[in-house]
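Just so you know, the sequence shown maps onto residues 1 to 336 in this note's numbering.
The C-beta atom is built at its ideal place from N, Cα and C for all residues, glycine as well.
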Amino acid sequence: MKMSSTAAVALAIGLVLGAFSGHCSSALEVGFYRGKCGRAIDVEEIVARVVKEKFFKNRTIVAALIRMQFHDCFVNGCDASILLDGSSTEKTAPPNLSVRGYDVIDAAKTAVESECRGVVSCADIIAIATREAVFWGGGGRYEVQTGRRDGFVSQASDVDLPNPSMSVSDSVAAFARKGLNASDMVHLLGGHTVGVAHCNLFQDRLYNFKSTGKPDPDMESSLLERLRLICPENSEGTNATNLDQNPQSSFIVDNSFYKEIEAHRGVLQIDQELAGDPITQAMVKTLASDTNSFSTKFGQAMVKLGAVGVLTTEKQGEIRRSCREINNLGGFLNFN
Numbered sequence: 001m002k003m004s005s006t007a008a009v010a011l012a013i014g015l016v017l018g019a020f021s022g023h024c025s026s027a028l029e030v031g032f033y034r035g036k037c038g039r040a041i042d043v044e045e046i047v048a049r050v051v052k053e054k055f056f057k058n059r060t061i062v063a064a065l066i067r068m069q070f071h072d073c074f075v076n077g078c079d080a081s082i083l084l085d086g087s088s089t090e091k092t093a094p095p096n097l098s099v100r101g102y103d104v105i106d107a108a109k110t111a112v113e114s115e116c117r118g119v120v121s122c123a124d125i126i127a128i129a130t131r132e133a134v135f136w137g138g139g140g141r142y143e144v145q146t147g148r149r150d151g152f153v154s155q156a157s158d159v160d161l162p163n164p165s166m167s168v169s170d171s172v173a174a175f176a177r178k179g180l181n182a183s184d185m186v187h188l189l190g191g192h193t194v195g196v197a198h199c200n201l202f203q204d205r206l207y208n209f210k211s212t213g214k215p216d217p218d219m220e221s222s223l224l225e226r227l228r229l230i231c232p233e234n235s236e237g238t239n240a241t242n243l244d245q246n247p248q249s250s251f252i253v254d255n256s257f258y259k260e261i262e263a264h265r266g267v268l269q270i271d272q273e274l275a276g277d278p279i280t281q282a283m284v285k286t287l288a289s290d291t292n293s294f295s296t297k298f299g300q301a302m303v304k305l306g307a308v309g310v311l312t313t314e315k316q317g318e319i320r321r322s323c324r325e326i327n328n329l330g331g332f333l334n335f336n
């Protein structure tokens with residue numbers, strides 16, 4: 001995928017409820033679009049065809065779309081605000097500059113509009129496309145709830161993604177404040193089973209961990225040596241490495257990530273601390289030993305994330321004609 005450094009973290013810690021709601025919405029439903037575009041038209045199947053085609057050209061879209069959904073839902077809820085173009089929209093914020101997958105969403109929106117005009121939101125397309133990417137990437141096929149509307153506001157100043165050096169207890173507290181629990185956090189961090197992190201997010205662990213002048217003692221020695229080759233000391237930190245250090249599994253949505261952090265082969269500090277912190281240690285151990293459990297739990301956590309701060313009424317949001325701009329540019333969108 002190539003889930004940028006900050007992305008990895010957003011994925012990890014930034015899955016919090018948006019400003020519109022402190023709880024998951026019960027207004028969403030599985031099969032919301034059934035019958036709304038004519039009896040023969042299956043909206044989710046249209047999106048699925050686009051994602052399948054894109055996946056077989058580029059497997060990294062799995063991590064890209066997982067990351068996109070996390071970054072969208074983290075800022076003011078799952079309202080497709082990350083898709084809006086503009087001089088100072090969320091898309092322009094530093095953590096989002098390396099977000100990818102916009103072409104996939106554009107293609108899916110075009111395909112849906114050609115058969116069902118003005119009915120399907122961009123926010124729902126993100127959720128459906130991500131589910132399809134997870135499936136093709138080897139993860140379980142979870143049911144997507146739909147019925148979201150697209151937001152009017154997108155501001156770079158609203159983008160605030162947590163640091164990968166955040167402690168487990170601080171991460172759990174951040175999730176709790178937004179209605180997501182420690183279990184949700186551990187399962188959503190499993191998205192690091194695909195994607196990459198850039199050196200500037202973990203370089204301190206290699207050379208000067210917590211200002212000790214020494215590497216993080218919790219990092220396995222052969223991984224330390226390998227990462228030092230990728231990330232030389234005092235380098236700009238732009239090189240990247242897979243978050244899942246198992247080369248046979250770094251593009252597959254499975255439980256390998258948990259096995260790696262149990263073996264002290266976590267790249268980000270927050271990832272490695274999951275395996276040793278009393279709050280999360282038992283959950284990591286269970287996920288590392290049970291392949292089927294991760295697929296199920298990750299899907300459930302993605303559904304819960306997808307309900308964060310959603311807009312479901314005409315007053316709250318719209319169905320955009322283009323995912324890159326609101327329908328009335330003179331209206332509510334704030335680029336300042």
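For V196, the closest of I319, L28, F294 and V99 by C-alpha to C-alpha distance is V99. Secondary-structure assignment with DSSP links D103 through no beta bridge to anything. For T130, the secondary structure class from DSSP, reduced to helix, strand or coil, is helix. Here N96 really is in contact with V159; their C-beta atoms are around 6 Å apart, less than 8 Å. C-alpha of Q316 to C-alpha of N327: approximately 14 Å in a straight line. Residue pairing from DSSP leaves R117 without any beta-bridge partner.
F257 has its alpha-carbon roughly 40 Å from the corresponding atom of G35. The criterion of a C-beta distance shorter than 9 Å is not satisfied by K210 and E132. By the criterion of at least three beta-carbon pairs nearer than 8 Å, the region 53-68 is in contact with the region 177-195.
Of I319, V310, E262 and G118, the smallest CA-CA separation from C73 is found for V310.
Cα atoms of A263 and L227: separation of roughly 16 Å, rounded to the nearest angstrom. Our two residues, R148 and T291, have alpha carbons roughly 32 Å apart in a direct line.
Annotation note: the region 165-228 contains the following uninterrupted alpha helix (DSSP H) runs of length 4 or greater, listed N- to C-terminal: 168-177, 182-189 and 203-207. Going by DSSP, N242 is part of the beta strand (DSSP E) stretching over A240 to N242. Contact between the region 171-186 and the region 117-126 is absent: fewer than 3 CB-CB pairs across the two stretches fall below 8 Å.
Here I128 has E44, V47 and V144 as same chain residues with Cβ atoms under 6 Å from its own Cβ, once five neighbours each way along the sequence are excluded. DSSP lists Q145 as the beta-bridge partner residues of V30. Counting only the Cα atoms, V284 lies some 20 Å from D216.
DSSP places Q155 in no alpha helix (DSSP H); its state is neither H nor E.
DSSP, read as helix, strand or coil, puts D150 in strand. Going by beta carbons, L305 and F294 fall outside the 9 Å limit. Closest in C-alpha terms to I252, from the list T60, K54 and A240, comes T60. Counted as a single uninterrupted DSSP element, the stretch harbouring L161 is not any alpha helix (DSSP H), since DSSP gives it neither H nor E. The beta carbons of D150 and I319 sit closer together than 9 Å. Short of 6 Å from the beta carbon of D124, and not among the five residues preceding or following it, lie these beta carbons of its own chain, in chain order: T146 and R148.
For G138, there is no enclosing alpha helix (DSSP H), as DSSP marks it with neither H nor E. The Cβ neighbour count for D103, taken over all protein chains shown within 10 Å, is under 16; the residue is labelled exposed. Residues A263, H264 and R265 of the same chain have their beta carbon placed closer than 8 Å to that of E220, with the five preceding and five following residues left out of the count.
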